Amino acid sequence: MAPSSPGDVRTFDLEPGQELYMQGGAFMACSPNVQYDTKFQGAKALFSREGAFFLRAYSEGGSGQVFYSSTEPSSRSK
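Taken in order, the sequence shown gives residues 96 to 173; the numbers are from my numbering.
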């Protein structure tokens, strides 16, 4: 598993009823009980560099994990 652009691969522990929003290109994988869909950001987003859609990951039946890529610096000490 590798991200489509440079950056860190991160995980997010998703609890039931919790949602995680991210740019569509950041999503990499998720555990089987996590669902996801896309949402339109609005007309202004069509002209931004971020894209017109974002992805929503959520879990209704137990906890799960989402794997995504991030270009933000890691908070881990080096």
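From the three backbone atoms N, C-alpha and C, an ideal C-beta is built for every residue, glycine too. These numbers were taken from a predicted model, which means no experiment stands behind them.
key: Coarse secondary structure for G159, derived from DSSP in three states   = strand
(Q) Quick check: what's the CA-CA separation for L109 versus F148? (A) 21 Å
Requested in this report: List the whole-angstrom C-beta distance separating S154 from Q113, where the pair is believed to meet the contact cut-off of C-beta under 8 Å.
Outcome: 7 Å
request  = Could you spell out the range, first to last residue, of the beta strand (DSSP E) harbouring E114?
outcome  = 114-118
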